[in-house]
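The next block holds one structure in the form of structure tokens; read it before the comments.
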Amino acid sequence: MTAYGGDAFAARLGDASSAFAHPGLMHAQADFVRMARKYSTAPWVGSWNLLVANPKVSLSYNSAPVSVIYRGSDVTQNFSGLVNECAAMYGMALRWKISGDEAYAAKATSMLNGWAATLTSIQGRDRALVAGPQGFELANIAEMLREYHGFTDDNLTAVKKILRNIFYPISHDLLANHGDREPLEINANWYLFNMSAMMAIGILCDDQAKFDEAISYFKTGNGNGCIMHAGYYMHPGYLCQWQESGRDQTHTMDGIAAMAVVCEMAWNQGVDLYGYDNNRFLAAAEYSAKANLVTSGTTYYTVPYVAYRNNVSTWKTFSTTDQGDDTPCWALIYNHYVNRQGLAAPYSTKRALSIQPEGGEWDYISYGTLAYTLDAIATGAVPSGLSGYFSAGAVVLSWWGGVYATGYTVKRAAQTGGPYDTVASGITDLRTYVDTPSTSGTWYYVVTADTPDGESVPSNEAAVLTGTQLHTQLQYDSSSSTSVVDASGNGHTGTINGGVTWVSGRQDEALSLNGSDGYVALPAGLMDDVADFTISAWVFWNASRNSEHIFDFGADTDRYLMLTPSAGNGKARFAITVTGASGGSVIDSNAALSIGTWVHVAVTLSGSVGTLYVNGAAVGTNTSMYLAPFRIWDTSQNWIGRSQLSTDPYFNGKIDDFRIYRGALTADAVASLANEP
Numbered sequence: 318m319t320a321y322g323g324d325a326f327a328a329r330l331g332d333a334s335s336a337f338a339h340p341g342l343m344h345a346q347a348d349f350v351r352m353a354r355k356y357s358t359a360p361w362v363g364s365w366n367l368l369v370a371n372p373k374v375s376l377s378y379n380s381a382p383v384s385v386i387y388r389g390s391d392v393t394q395n396f397s398g399l400v401n402e403c404a405a406m407y408g409m410a411l412r413w414k415i416s417g418d419e420a421y422a423a424k425a426t427s428m429l430n431g432w433a434a435t436l437t438s439i440q441g442r443d444r445a446l447v448a449g450p451q452g453f454e455l456a457n458i459a460e461m462l463r464e465y466h467g468f469t470d471d472n473l474t475a476v477k478k479i480l481r482n483i484f485y486p487i488s489h490d491l492l493a494n495h496g497d498r499e500p501l502e503i504n505a506n507w508y509l510f511n512m513s514a515m516m517a518i519g520i521l522c523d524d525q526a527k528f529d530e531a532i533s534y535f536k537t538g539n540g541n542g543c544i545m546h547a548g549y550y551m552h553p554g555y556l557c558q559w560q561e562s563g564r565d566q567t568h569t570m571d572g573i574a575a576m577a578v579v580c581e582m583a584w585n586q587g588v589d590l591y592g593y594d595n596n597r598f599l600a601a602a603e604y605s606a607k608a609n610l611v612t613s614g615t616t617y618y619t620v621p622y623v624a625y626r627n628n629v630s631t632w633k634t635f636s637t638t639d640q641g642d643d644t645p646c647w648a649l650i651y652n653h654y655v656n657r658q659g660l661a662a663p664y665s666t667k668r669a670l671s672i673q674p675e676g677g678e679w680d681y682i683s684y685g686t687l688a689y690t691l692d693a694i695a696t697g698a699v700p701s702g703l704s705g706y707f708s709a710g711a712v713v714l715s716w717w718g719g720v721y722a723t724g725y726t727v728k729r730a731a732q733t734g735g736p737y738d739t740v741a742s743g744i745t746d747l748r749t750y751v752d753t754p755s756t757s758g759t760w761y762y763v764v765t766a767d768t769p770d771g772e773s774v775p776s777n778e779a780a781v782l783t784g785t786q787l788h789t790q791l792q793y794d795s796s797s798s799t800s801v802v803d804a805s806g807n808g809h810t811g812t813i814n815g816g817v818t819w820v821s822g823r824q825d826e827a828l829s830l831n832g833s834d835g836y837v838a839l840p841a842g843l844m845d846d847v848a849d850f851t852i853s854a855w856v857f858w859n860a861s862r863n864s865e866h867i868f869d870f871g872a873d874t875d876r877y878l879m880l881t882p883s884a885g886n887g888k889a890r891f892a893i894t895v896t897g898a899s900g901g902s903v904i905d906s907n908a909a910l911s912i913g914t915w916v917h918v919a920v921t922l923s924g925s926v927g928t929l930y931v932n933g934a935a936v937g938t939n940t941s942m943y944l945a946p947f948r949i950w951d952t953s954q955n956w957i958g959r960s961q962l963s964t965d966p967y968f969n970g971k972i973d974d975f976r977i978y979r980g981a982l983t984a985d986a987v988a989s990l991a992n993e994p
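The sequence shown maps to residues 318 to 994 in this note's numbering.
Structure follows, in structure tokens:
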């Protein structure tokens, strides 16, 4: 293999101040070394044989670059030409990197140069579905060829230019402006295609801002490319329902595969997105892998499912359309989590082996068995990521296991650090357990694994508060004009903003909110660890206006839980959502709250049962509440008297004795609060 060396090669890889490793997109140098060593042996050879047999990976391939690529129902489409040529160029570059045959590098270089010299724009309604996948591929091809002596500095500069000037602006616009739609109206696969291009272009061009833009969107973006939106709902045992699982399995797998490449490129640059939010991507992969695996005959595994709704889509059940989709993304996912990290990923493992060897006729991670298969890890990981929440009178635990574990034991203690009593053993799949302690309080849990070497060391300790406990009680005291004390002792002090004054209340003093700019802000993350709950308050509503909010705890107009005395239907309503006003769950009363008088309101959640109370009487119930406060992540806008939606009016009236409880109060307990003198 002919390669650059010394200072010349160092210059090609970026200046000395560059923070980026090269090669460092989908393949690091160690990957190419491994492939060259392993490609003639099983299982790597299976993918290698598919590579060399692919008619596109041919020195006689006829390249035909065009100046404008069109994709979308509003144009005459020609995008398939670039799709096919990217597959050909990638295959040739990979064949050269493994075999050392420079003829393939020269052919890929000639084709890439032709596109860099010819392409001027991408047009059409669906242009982002070219800018994303093909932008990603072109960056990867250039990254692979930058070691080839026939791919000159001028060639590299020309490729960088079209990626920066033609591809990146389309991807950036999608993430920033969402095609002039609402952020959640664009499905996950579109965002993730374009995030992968953005990240690949950033690495190729040593452009930290573009790389960081993709990383930031993965973690905190307002669209479905964000891992928290794409991994829509976490079921027990860390099965995370994918955003498009109710649509079809082809688009689901597009998103899973695209997120995998984002994670891999970040990993090759020292950023661990695979493990972000307690391996949330693994949870999504396990869910989707299981859902597309045959358990026997033609019968697929079943997976739990909750409804998904946003402004344009309603998917009430898991979609079996295209079930069994074999998009070749699983070798990468399986090998990272199992053979790099030692984690148990049983369904991703089975899915990877079921489609092995992976071929190359797909946009992203071609020939995965060849490119990503690692030797088996010697020792599995110990149990980790243990978490729990209290719901419907029980503690629901989930954890990650190790690849060689044969079973797990759950242990519980009444104090941190133990001593622990065994409450369950011999747990296999799924890695979850529901515990019902005999008394209320705080319980401490650990999990150990049965391994070939004996019992493992314990997992992290998870503390779970059970029963009903006071979380927040705002004590209205006119000695302060800027804050409201939390009498619960938990430090949830409220900050007074705008037109708020102290007045006589139903009991002692109350806050009077002026209806134009007055509200109380509670701390960020107020209920981020709460499942079952009760929220209650005394409310004096001055005048009837729809969409005033008694409270609204959330992050933005897509993620919140709120209570209004009168929704657009003229009835009091509680709502909780992570997909905007059209999604989530609601509880409606039979009427709006009364005006000009003190009214006690309360809302409770116990498991999937939510109840709205007015003056101690239940006025609305929803028995299919699948969301809880802890599922609304990173809440920073927890307000009394103000809505997440800036056009909604502020609350006009008085609020007294505002309380939050962990756990659902009984109907009798709510009635007692309403009847307090």
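No residue lacks a Cβ here, since even glycine has one placed at the ideal position from N, Cα and C.
Across which residues does DSSP place Gly771 in a beta bridge pair?
Thr768.
Determine which residues share a DSSP beta bridge with Leu830 and list them.
DSSP output for Leu830 lists Val817 and Gly970 as bridge partner(s).
Under DSSP, the alpha helix (DSSP H) around Ala648 begins and ends at which residues?
Here the alpha helix (DSSP H) through Ala648 covers Trp647 to Tyr651.
How long is the line joining the alpha carbons of Gly587 and Phe968, rounded to whole angstroms?
If you take the alpha carbons of Gly587 and Phe968, they lie about 48 Å apart.
Report the residue ranges of all alpha helix (DSSP H) runs contained in full by the stretch 519-567; include only those spanning at least 4 residues, in chain order.
The DSSP assignment places complete alpha helix (DSSP H) segments of no fewer than 4 residues inside the stretch 519-567 at 525-537 and 544-547, in order along the chain.
Tell me whether Thr733 is buried or exposed, calling it buried when 16 or more other Cβ atoms sit within 10 Å of its Cβ.
It counts as exposed.
Helix, strand or coil: which one does DSSP assign to Gly496?
In the structure shown, Gly496 sits in a helix (DSSP, three-state: H, G or I).
Just how far apart, CA to CA, sit Ser911 and Asn863?
In this structure, the straight-line span from the alpha carbon of Ser911 to that of Asn863 is close to 13 Å.
DSSP beta-bridge partners of Arg890
Partner(s): Thr881 and Asp905.
I need the DSSP call for Trp365, collapsed to helix, strand or coil.
In the structure shown, the three-state DSSP call for Trp365 is helix.
For Asn596 and Ala602, the rounded distance between their alpha carbons
Near 10 Å, if we compare the C-alpha coordinates of Asn596 and Ala602.
Burial state of Ser776, where buried means 16 or more other Cβ atoms lie within 10 Å
So Ser776 ends up on the buried side.
State the Cα-Cα distance for the pair Asp594 and Leu556, rounded to the nearest angstrom.
Taking C-alpha positions only, Asp594 is separated from Leu556 by approximately 14 Å.
Based on the DSSP output, what are the partners of Asp752 in its beta bridges?
Val712, per the DSSP bridge assignment.
Helix, strand or coil for Val385? Go by DSSP, reduced to three states.
In this structure, Val385 counts as strand in the three-state DSSP scheme.
Secondary structure at Tyr378, three-state DSSP: helix, strand or coil?
Here DSSP, grouped into helix, strand and coil, assigns Tyr378 to coil.
Would Glu772 be called buried (16 or more neighbouring beta carbons within 10 Å of its own) or exposed?
By the 10 Å Cβ count, Glu772 comes out exposed.
Reducing DSSP to helix, strand and coil, say where Ala1036 ends up.
No statement about residue 1036 is possible, as the shown extent of the chain runs from 318 to 994 and does not include it.
Those runs of the beta strand (DSSP E) which lie wholly inside the stretch 593-628 and span at least 3 residues
Entirely contained in the stretch 593-628, the beta strand (DSSP E) runs reaching 3 residues are, in chain order, 611-613.
Can you find at least 3 beta carbon pairs, one from the stretch 963-980 and one from the stretch 790-804, that sit closer than 8 Å?
With contact defined as three or more Cβ pairs closer than 8 Å, the stretch 963-980 and the stretch 790-804 are in contact.
How long is the line joining the alpha carbons of Thr810 and Leu521, rounded to whole angstroms?
So the alpha carbons of these two residues sit roughly 48 Å apart.
Anticipated Cβ contact below 8 Å, Asp565 with Ser671, distance rounded:
Not quite, the Cβ-Cβ distance comes to about 19 Å (not below 8 Å), so this is no contact.
Using CA coordinates, which residue listed in Ala359, Tyr689, Tyr622 and Ser833 is at the minimum distance from Ala345?
Residue Tyr689 is the option with its Cα nearest to Ala345.
May I ask you to report which of helix, strand or coil DSSP gives Lys424?
Per DSSP, reduced to three states, the secondary structure at Lys424 is helical.
From which residue to which residue does the alpha helix (DSSP H) around Tyr407 run?
Start and end: Ser397 to Ser416.
DSSP-derived helix/strand/coil call for Thr851
Thr851: strand per DSSP, three-state reduction.
Nearest-angstrom Cα separation, counted from Phe868 out to Ser798:
Cα-Cα distance, rounded: 20 Å.
Measuring alpha carbon to alpha carbon, tell me which of Pro360, Ala410, Leu446 and Ala919 ends up nearest Ser390.
Measuring from the Cα of Ser390, the nearest candidate turns out to be Leu446.
Give the straight-line distance between the Cα atoms of Thr616 and Gln558, rounded to the nearest whole angstrom.
Those two C-alpha atoms are separated by around 20 Å.
Environment of Arg657 [buried if 16+ CB atoms lie within 10 Å]:
Residue burial annotation: Arg657 is exposed, with fewer than 16 other C-beta atoms found within 10 angstroms of its C-beta.
Excluding five sequence neighbours on each side, which residues of the same chain lie with their C-beta closer than 8 Å to the C-beta of Arg948?
Tyr550, Met551 and Val895.
Hey, could you find the ends of the beta strand (DSSP E) Arg729 is sitting in?
Counting along the chain, the beta strand (DSSP E) containing Arg729 begins and ends at Gly724 to Ala730.
Rounded to the nearest angstrom, what separates Val712 and Lys633 at their Cα positions?
Computed Cα separation, rounded: 27 Å.
Where the alpha helix (DSSP H) containing Ala456 begins and where it ends:
For Ala456, the enclosing alpha helix (DSSP H) begins and ends at Pro450 to Leu462.
Three-state secondary structure assigned by DSSP to Trp584:
Here Trp584 sits in helix by DSSP.
Could you please give me the residues that DSSP links to Ile977 through a beta bridge?
Looking at the DSSP assignment, Ile977 forms a beta bridge with Thr789 and Ile852.
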